[in-house]
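In full-length UniProt numbering, the protein residues as written are 1 to 84.
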Amino acid sequence: EVLEKRALMLPQELKAMGPEKQVILYEGLAHPVLCRKIRYYKDGYFTRRLMPKVGIEPLELEGAGKVELRISSNEGVARALRAT
């Protein structure tokens, strides 16, 4: 039996891992870490921590009529990311 050195993972193996897994190289750790990606907008622990939408009163500007300003909350960002 002959043992040959080879790469831990070949480029095609990394590409075939899919979007849910990731290899992390961290300074101080002797070996790479294969992990499962956490999507904050899909994980209940993180979605419970999203801040509620902030309400803003309509702003009146001279000569422009009424303009309503809105600030996007993290919920809107999460919704947009889910749509992609």
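Quick reminder that beta carbons are idealized off the backbone N, C-alpha and C, glycines included.
Per DSSP, the unbroken alpha helix (DSSP H) holding Leu14 starts and ends at Pro11 to Lys15. Taking the C-beta atoms as reference points, Ile24 is found nearer than 9 Å to Pro32. Taking C-beta atoms as the reference points, Phe46 and Ile38 count as a pair closer than 9 Å. In the DSSP annotation of this structure, the continuous segment of the alpha helix (DSSP H) that includes Gly44 starts and ends at Gly44 to Thr47. When the Cα atoms are used, Gln22 and Val2 turn out to be separated by approximately 31 Å.
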